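K.L.:
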Amino acid sequence: MLMKRVVVGLSGGVDSSVAAYLLKQQGYDVIAVFMINWHDKTGTLEGDCPWRDDLVFAQLVAKKLDIPFHSADLSKVYKKRVVDYMFHEYEMGRTPNPDVLCNREIKFDEFFKVAEKYKADFVATGHYCRKETLEKDGETFYRLLAGLDPNKEQSYFLCQLNQEQLSKILFPIGDLPKERVREIASEQNLPTADKKDSQGICFIGKVDLPTFLQQRLETKKGDVIEIPRRFQGYLDFNPDRDNPIYLSQPWQYQPEDGILIGTHNGAHFYTIGQRKGLNIGGKKEPLFIIGTDTLRNIIYTGEGKSHPGLYRKGLSINAPAMHWVRPDLQLKQGESKRFSFRIRYRQPLQKGTLHAMKEASYIVFDKVQRGITPGQFAAWYEGDEVIGSGVIE
RNA sequence: GAAUCAGUAGCUCAGUUGGUAGAGCACAUCCCUUUUAAGGAUGGGGUCCUCGGUUCGAGACCGAGCUGAUUCA
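When we follow my numbering, the leftmost residue of the first sequence carries the number 242, and every step to the right adds one.
(1) Verify whether the separation of the beta carbon atoms of Leu315 and Tyr262 is less than 9 Å.
(2) Which same chain residues, not among the five before or five after Leu375, have their C-beta less than 8 Å away from its C-beta?
(3) Alpha carbons only, please: which of Ala562, Tyr331, Met276 and Val271 is nearest the one belonging to Glu459?
(4) If we ignore side chains and look at the alpha-carbon of each, how far apart do Glu428 and Ile347 end up?
(5) Buried or exposed: which applies to Asp256, given that a residue is buried once 16 or more other Cβ atoms fall within 10 Å of its Cβ?
(6) Less than 8 Å between the CB atoms is what I'm expecting for His509 and Gly334, so what's the real figure, rounded?
(7) In chain order, what residues of the same chain have a beta carbon less than 6 Å from the beta carbon of Trp565, not counting five sequence neighbours either side?
(8) Taking contact to mean 3 or more Cβ pairs, one atom from each stretch, closer than 8 Å, check whether the segment 411 to 423 and the segment 576 to 595 are in contact.
(9) Between the Cα of Asp350 and the Cα atoms of Gln406, Leu399 and Phe328, which residue gives the shortest distance?
(10) What number of angstroms, rounded off, separates the C-alpha of Asp483 from the C-alpha of Asp464?
(11) What is the rounded straight-line gap between the Cα of Phe529 and the Cα of Val632?
(12) Under 6 Å Cβ to Cβ from Gly612, same chain only, skipping five residues before and after it: list those, please.
(13) Are Ala601 and Ile414 touching if we call contact CB-CB under 9 Å?
(14) How many whole angstroms separate the CB atoms of Phe606 and Gly555, which I take to be in contact at a CB cut-off of 8 Å?
(15) Provide the residue span of the beta strand (DSSP E) that contains His452, from first to last.
(16) How should Leu501 be labelled, buried or exposed, when 16 other C-beta atoms within 10 angstroms of its C-beta is the threshold for buried?
(17) Return yes when at least one heavy atom of the ligand SAH lies under 8 Å from the C-beta of Phe310, else no.
(18) Starting from the C-beta of Asp270, find all residues in its chain whose C-beta is less than 8 Å away, skip the five residues before and the five after it, and write them out in chain order.
(19) Take Ile604 as the anchor and find which of Gly250, Ser557, Gly522 and Met598 has the nearest alpha-carbon.
(20) Compare the Cα-Cα distances from Val609 to each of Leu519, Leu342, Leu551 and Gln588 and report the closest residue.
(21) Check whether the segment 350 to 367 and the segment 542 to 551 touch, using three or more Cβ-Cβ pairs below 8 Å as the test.
(22) Applying the 10 Å Cβ sphere with the 16-neighbour rule, what's the burial state of Arg457?
(23) Which ranges does the beta strand (DSSP E) cover as unbroken runs of at least 3 residues, wholly within the segment 259 to 325, from first to last along the chain?
(24) For Leu431 and Ser312, which I take to be in contact (beta-carbon distance under 8 Å), what is that distance rounded to the nearest angstrom?
(25) Exposed or buried, which one is Asn252 when buried takes at least 16 other CB atoms within 10 Å?
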């Protein structure tokens, strides 16, 4: 019987190194490919060319495992489908999640083309996720499951994948705790065994976001308005009304609803829930951003971490932005179902109800949620399985 | 023009009966974290409006001036 061939995305970190090792152990024909997706270092905090180090580490790992090594420059597509999207979203006053896009568009799309070139049956990565197959009415479905290490669990970042993509993916380390991954790496003398985990935007690295964004977004001074806790909109809101559309409305402010307390350098550089970077002191408690209006270039803030403007009962996702990892579980128009939700990476799952309607779907949480931010992804789970996701409106 | 009150870190303020200053916020760094945030830890910072005086010693007491707020003419 022919060995199945796998292209593994070797990043130069421990996780993908161990993934490659495990695949080899399992008898796959393993090929390592290193992706170069970003050359520009403007606004980067790590200085000179971090990926060159990673490339060397990846090469060393491949050599140690005695597997073929290649590199692929996908930077053109990365720029177009991830970076441009990112700037566009910020420009529109939203807060994107480039890494979710990077997985959907690059690692599990463009990278597949590379894998095809090498006639691979599968693509593998070092993500802390699991995949299971399910036979249902004669059809095969792939389930995207949370990684078993609760601390490293990364299924959220893959919440935009579809069945076709999942059919070709392997997650060799998804059922291991990080500790064990490091252990295996050092048992096998992999050069990445003690390498620090990478952080920041995938392939770009740690950046100072305002600096990074200033490459393409202009700075322009605008007003910072503080909204009092007793703002009429909060007092009028009735969380017990049984209407998902009503419950999902964002707070709406006008400059007259508060007082001018300072100036900022451009509303699109800030995000909801943010505390740092406003440069406004003199308050008893910290100020948090509770709203941004990029059209009028106004930032709305509230004092204290319990300010009502920081919390919302629900959110909406426009119909075209709805994505079902499990299309067989897609809600029909007018249906509602209970799920667990996550609106940012590493957030503990939150219980609530998803209501599917014609023009949009609505998530109503059992408990109010802090920092619901347009542009970020909401993902819904059944147990530890990702069922779907969508961009918050 | 007069009266009263105020003038202490970037901001808002606290400083007991006089012994060379503190808190919150802001800011910086680090930790956490493959997004944005949040969170945790540590830290840098002050001619105490100015000038005189009293005193061994004044942010604090006295006087003058400057600035601001309020009230009355």
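Think of the CB as a built atom: it goes at the ideal place given N, C-alpha and C, for glycine as much as any other residue. Model, not experiment: these values are computed from the prediction.
P.N.:
A quick look at the data gives this:
(1) For the purposes of this step, residue 315 is identified with residue 74 of the first sequence, where counting begins at 1. For the purposes of this step, residue 262 is identified with residue 21 of the first sequence, where counting begins at 1. Contact check for Leu315 against Tyr262 fails: the beta carbons are separated by 9 Å or more.
(2) Within the first sequence, residue 375 is the residue found at index 134, counting from 1. Excluding sequence neighbours, Leu375 sits near Thr381, Phe382, Tyr383 and Arg384.
(3) Against the first sequence, residue 459 aligns to sequence position 218. Measuring from the Cα of Glu459, the nearest candidate turns out to be Tyr331.
(4) In the first sequence, counting from the first residue as 1, residue 428 sits at position 187. In the first sequence, counting from the first residue as 1, residue 347 sits at position 106. When rounded, the distance between both Cα atoms is 32 Å.
(5) The count along the first sequence starts at 1 and reaches residue 256 at position 15. With 16 or more Cβ atoms within 10 Å of its Cβ, Asp256 is classed as buried.
(6) Counting from 1 along the first sequence, the entry for residue 509 is found at position 268. Counting from 1 along the first sequence, the entry for residue 334 is found at position 93. Their Cβ separation, rounded to whole angstroms, is 6 Å, which keeps His509 and Gly334 in contact under 8 Å.
(7) Position 324 of the first sequence holds residue 565. Answer for Trp565: Gln571 and Gly629, listed in chain order.
(8) Contact between the segment 411 to 423 and the segment 576 to 595 is absent, because fewer than three Cβ pairs lie under 8 Å.
(9) As a first step, residue 350 must be located in the first sequence, where it is residue number 109. Of Gln406, Leu399 and Phe328, the residue nearest in Cα terms is Gln406.
(10) Position 242 of the first sequence, counted from the start, is the residue given in the question as residue 483. Position 223 of the first sequence, counted from the start, is the residue given in the question as residue 464. If you take the alpha carbons of Asp483 and Asp464, they lie about 36 Å apart.
(11) Sequence index remark: in the first sequence, residue 529 carries index 288 (1-based). Sequence index remark: in the first sequence, residue 632 carries index 391 (1-based). Phe529 and Val632 have their C-alpha atoms spaced approximately 23 Å apart.
(12) Position 371 of the first sequence holds residue 612. Counting only Cβ-Cβ distances below 6 Å, and skipping sequence neighbours, we find Ile513 and Gly514.
(13) Along the first sequence, read from residue 1 onward, the residue named residue 601 stands at position 360. Along the first sequence, read from residue 1 onward, the residue named residue 414 stands at position 173. Not a contact, by the Cβ cut-off of 9 Å.
(14) Taking the first residue of the first sequence as position 1, residue 606 is located at position 365. Taking the first residue of the first sequence as position 1, residue 555 is located at position 314. Contact between Phe606 and Gly555 is confirmed by a C-beta separation of about 6 Å, below the 8 Å threshold.
(15) Residue numbering aside, residue 452 sits at position 211 when the first sequence is read from its first letter. The question names His, but residue 452 is Thr in the sequence shown. Counting along the chain, Thr452 falls outside any beta strand (DSSP E), though it belongs to the alpha helix (DSSP H) covering Leu450 to Leu454.
(16) Taking the first residue of the first sequence as position 1, residue 501 is located at position 260. Per the 10 Å Cβ criterion, exposed.
(17) Inclusion of the ligand SAH in the displayed structure is not the case, the ligand content being empty and no account of it being possible.
(18) Along the first sequence, one-based indexing puts residue 270 at 29. Only Met244, Lys245, Arg246 and Val247 meet the Cβ criterion.
(19) Locating residue 604 in the first sequence gives position 363, counting from the first residue. Nearest C-alpha to Ile604: Ser557.
(20) Position 368 of the first sequence, counting from 1, holds the residue named residue 609. From the listed residues Leu519, Leu342, Leu551 and Gln588, the smallest Cα separation to Val609 is found for Leu551.
(21) Counting Cβ pairs under 8 Å, fewer than three are found: no touch.
(22) The sequence position of residue 457 within the first sequence is 216, counting from 1. Looking at its Cβ environment, which holds fewer than 16 other Cβ atoms inside 10 Å, Arg457 is exposed.
(23) For the segment 259 to 325, whole beta strand (DSSP E) runs of length 3 or above, ordered along the chain, are 270 to 277 and 310 to 314.
(24) Counting from one through the first sequence, the residue named residue 431 turns up at place 190. Counting from one through the first sequence, the residue named residue 312 turns up at place 71. The pair is not a contact, with the Cβ atoms about 19 Å apart (cut-off 8 Å).
(25) On the first sequence, position 11 is the one that residue 252 refers to. The residue asked about is misnamed: residue 252 is Ser in this sequence, not Asn. Of the other Cβ atoms in all chains shown, 16 or more fall within 10 Å of the Cβ of Ser252; this residue is therefore buried.
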